[in-house]
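Enquirer: First the structure, then my questions, so here it is.
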Amino acid sequence: LRHHDLNALAEALLVQERNDDALRVAHNVAVETLRPIDAIDQHILKARIQFALGDAHDLEAARQHLRDAVPLIDQIAREGNKFLMQEKMLQVRLLNEGWLGEPCEALMPMADALAELRAFNAAAGSVEDAYLSEMTVAATRAQCQ
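Residue numbers for the sequence shown follow the working numbering, beginning at -3 and rising by one.
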């Protein structure tokens, strides 16, 4: 199976709350063979699986998957895509950490940074909020007031 097929399977297993199986499938994708954006998305998938409550839940491992994706941003050719991927990674982290009940002292700096990234990307021409970052920021701010 190709990486898109494996990822579809991992997503299906995640929906079924078979997180250990989802993580095993996601680990079968060789990240080093992927283009930078696909490799970042692979790290994001693994993070989402490990943010989810269940047998594969590991908050620190989920955070590490996102940290592992950061250096890949420099390999993206188009500047606009670099900032969009940063927005996507931060949105995934903020959404999941908020859902897991992390304290507002940790969430608010991420929400502020995400709002800045969304505004920057919108000003640069990415008007569509593809990752629903504005909603995530608003929900975080409402939760932390």
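Backbone N, C-alpha and C fix where the C-beta goes; we use that ideal spot for every residue, glycine too.
Can you tell me the Cα-Cα spacing of Leu41 and Leu90, whole angstroms?
Expert: So the two alpha carbons sit approximately 15 Å from each other.
Enquirer: Please identify the residue among Arg31, Leu30, Leu96 whose C-alpha is closest to the C-alpha of Arg59.
Expert: Comparing Cα positions, the closest option is Leu96.
Enquirer: Span of the alpha helix (DSSP H) holding Arg44?
Expert: From DSSP, the alpha helix (DSSP H) with Arg44 extends over 32 to 47.
Enquirer: Check Ala126 in the structure and name its three-state DSSP category.
Expert: Ala126: coil per DSSP, three-state reduction.
Enquirer: Can you tell me which of Cys140, Asn92, Gly76, Ile33 puts its alpha carbon nearest to the alpha carbon of Val66?
Expert: When only C-alpha atoms are compared, the closest one is Ile33.
Enquirer: Are the beta-carbon atoms belonging to Ala27 and Gln38 less than 7 Å from one another?
Expert: For the sequence presented, residue 27 should be read as Val rather than Ala. Yes, these two residues count as a Cβ contact at 7 Å.
Enquirer: Return the residue from the list Ala109, Glu101, Val133, Val88 that minimises the CA-CA distance to Leu45.
Expert: The question names Leu, but residue 45 is Ile in the sequence shown. Among Ala109, Glu101, Val133, Val88, the Cα nearest to that of Ile45 belongs to Val88.
Enquirer: When you compare each of Leu(-3), Gln12, Cys100 to Gln139 by their alpha carbons, which one comes out closest?
Expert: Of the listed residues, the one whose Cα sits closest to Gln139 is Cys100.
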